[in-house]
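Read the structure below first, then the notes.
Numbering (the working numbering), first residue to last: 647 to 1082.
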């Protein structure tokens, strides 16, 4: 899909099951491959990023079988233990999946064979010194390509024994924390990671589900190396709250809307977007909470309302970094001013999301400006249709689609096929909800 045109219309009504969580799907593949025994992963997200993890472990001798059963993707994975991976025999191409590259680096750093991790043009420009620095402190042999003053992929890794470290994250990053913890599975001693602010804890939760000796105390997470993992036999992946956020905003800003989102993951480290939208005045009801075996989930009902601008502190911003593009759309359509403080992390995602949202929302008539690392949006202006570009970023494309619902006239989004990275059926779901 090269481009799609969206025109404003009536309210959004009905129910939707958003795709399964991308981050959790990727971690499920990795830990299932590293434990002994067979794990059945239900409601797996069959999208580009998570399928990259499946392919990578398939090249390293792991048996993974994908099936479509009763409308869901099920992956059956037969793990071989921490040291059961075999040399891939080729560079592992990971497409646009930064999560897979960073987490897999921690695992491969401790293997008995060399490996190379590559990605597409976008991934090859993303900073990797965030993981290479702590991994080298653990004794890893890992080098990247120098690009624009950064260390980027391809990453060349010569596996070797690792030593435990205590590492304080210079910037909040669940991917870096997870990389170090996964390397810590193999390291001699107890590896600990200290966070400046709490980030998503999917890795810690899943490690615990696999019986790993992981310990969480405040903002410090630690793991004892050398302990084999145990399969939980079955894992069910909850819905992705980042994908749900597009519809939470869409229903909030479209008069007459009433949506029910089923089975959404409401992990405490991921649901801050709900708190922010409530502060903005969104009419959200979270109900039927279920703990699940390792991740809580719930149904969320959202109805249209009137939003107002808010100030997001650096901690707020860090806790909903993936949802900032769609929150930017909410801010553009709200009364008053919204300020996203310390949003600089958006510059090193699949694209520079600050630049792409500023350019595209400005083209649609929004008052959006950058102040250092802060993003300031003065809401209340009427948006108009325009020809805009996702720049190959899935969250940008879906956010602009929601903005188009509230604009006057037609909006054409180019490079819209990138939504397949996390939500292949997004435009189909949006169309179905608009038709009632």
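The C-beta atom is built at its ideal place from N, Cα and C for all residues, glycine as well.
Spatial distance of residue i from residue j (CA atoms)
i            : j            : result
residue 769  : residue 736  : 18 Å
residue 663  : residue 929  : 19 Å
residue 697  : residue 766  : 15 Å
residue 880  : residue 700  : 17 Å
residue 1017 : residue 956  : 16 Å
residue 783  : residue 946  : 44 Å
residue 944  : residue 909  : 5 Å
residue 675  : residue 864  : 27 Å
residue 823  : residue 681  : 20 Å
residue 810  : residue 760  : 21 Å
residue 702  : residue 738  : 6 Å
residue 787  : residue 672  : 24 Å
residue 855  : residue 684  : 14 Å
residue 1044 : residue 665  : 14 Å
residue 985  : residue 771  : 28 Å
residue 836  : residue 752  : 15 Å
residue 905  : residue 885  : 15 Å
residue 733  : residue 764  : 16 Å
residue 781  : residue 967  : 24 Å
residue 942  : residue 704  : 30 Å
residue 719  : residue 899  : 32 Å
residue 840  : residue 935  : 30 Å
residue 952  : residue 1071 : 28 Å
residue 921  : residue 958  : 11 Å
residue 799  : residue 710  : 26 Å
Nearest-angstrom beta carbon gap, residue j and residue i [assumed within contact, 8 Å]
i            : j            : result
residue 1011 : residue 1030 : 5 Å
residue 749  : residue 825  : 6 Å
residue 999  : residue 1042 : 6 Å
residue 987  : residue 1020 : 5 Å
residue 852  : residue 677  : 6 Å
residue 801  : residue 762  : 7 Å
residue 660  : residue 1079 : 5 Å
Proximal residues to residue i (C-beta, below 6 Å), its chain only, five neighbours per side dropped
i            : result
residue 708  : 679
residue 797  : 774, 775, 778 and 790
residue 960  : 987 and 988
residue 1006 : 1034 and 1046
residue 1164 : Because the chain is modelled from 647 through 1082, residue 1164 falls outside the range shown and cannot be assessed.
residue 812  : 838
residue 687  : 674, 721 and 881
residue 606  : Examination of residue 606 is not possible in this model, given that the chain is present from 647 through 1082 alone.
residue 903  : 657, 658, 897 and 950
residue 965  : 918
residue 932  : 944 and 946
residue 843  : 818, 961 and 964
8 Å Cβ shell around residue i - same chain, five flanking residues per side excluded
i           : result
residue 901 : 657 and 950
residue 859 : 869, 870 and 873
residue 846 : 669, 820, 913, 915 and 916
residue 850 : 827, 860, 862 and 867
Contact set for residue i: own chain, Cβ-Cβ below 7 Å, skip 5 residues either direction
i            : result
residue 857  : 875 and 876
residue 954  : 926, 927, 980, 981 and 982
residue 969  : 888, 891 and 919
residue 746  : 672, 695, 698, 699, 702 and 740
residue 1076 : 1047
residue 1015 : 1022
Are the stretch 1062 to 1073 and the stretch 897 to 915 touching by the rule of at least three beta carbon pairs closer than 8 Å? Between the stretch 1062 to 1073 and the stretch 897 to 915, the count of C-beta pairs closer than 8 Å stays below three; the two stretches do not touch.
Any alpha helix (DSSP H) of 4 or more consecutive residues that is wholly inside the stretch 887 to 965: 887 to 899, 918 to 925 and 960 to 965
Enumerate, from N- to C-terminal direction, the unbroken beta strand (DSSP E) stretches of 3 or more residues contained entirely within the stretch 1020 to 1064. 1020 to 1024, 1033 to 1035 and 1057 to 1060
Cβ pair count under 8 Å reaching 3, the stretch 725 to 736 against the stretch 686 to 695: no
Cβ pair count under 8 Å reaching 3, the stretch 649 to 664 against the stretch 1051 to 1066: A contact exists between the stretch 649 to 664 and the stretch 1051 to 1066.
Answer yes if the stretch 744 to 758 comes into contact with the stretch 790 to 809, meaning at least three C-beta pairs across the two stretches below 8 Å, and no otherwise. yes
Can at least three beta-carbon pairs, one atom from the stretch 1038 to 1052 and one from the stretch 973 to 987, be found at a separation below 8 Å? yes
Please confirm if the stretch 872 to 879 is in contact with the stretch 1019 to 1028, defined as three or more CB-CB distances below 8 Å between the two stretches. Two segments are said to touch when three or more pairs of C-beta atoms, one from each, lie closer than 8 Å; by this definition the stretch 872 to 879 does not touch the stretch 1019 to 1028.
Do the stretch 885 to 897 and the stretch 822 to 842 meet, that is, are 3 or more Cβ pairs less than 8 Å apart? Short answer: they don't touch.
Please specify which runs of the beta strand (DSSP E), each continuous and at least 3 residues long, are wholly inside the stretch 709 to 752, giving them in chain order. Counting only runs of 3+ residues, the beta strand (DSSP E) found wholly inside the stretch 709 to 752 occupies 709 to 715 and 718 to 726, in chain order.
Could you tell me which whole alpha helix (DSSP H) segments of length 4 or greater appear in the stretch 752 to 790? DSSP runs (the alpha helix (DSSP H)) wholly in the stretch 752 to 790: 775 to 783.
So within the stretch 963 to 1017, which uninterrupted beta strand (DSSP E) runs reach at least 3 residues, ignoring any that extend past its ends? Taking only runs of at least 3 residues, the beta strand (DSSP E) segments lying wholly in the stretch 963 to 1017 are 983 to 986 and 1013 to 1017.
Scan the stretch 667 to 696 and note each continuous beta strand (DSSP E) run of 3 residues or more that stays entirely inside, going in chain order. 682 to 688
Jot down the residue ranges of each uninterrupted alpha helix (DSSP H) in the stretch 794 to 852, minimum 4 residues, whole runs only, in chain order. Considered as a whole, the stretch 794 to 852 harbours 820 to 830 as its complete alpha helix (DSSP H) runs of no fewer than 4 residues, in chain order.
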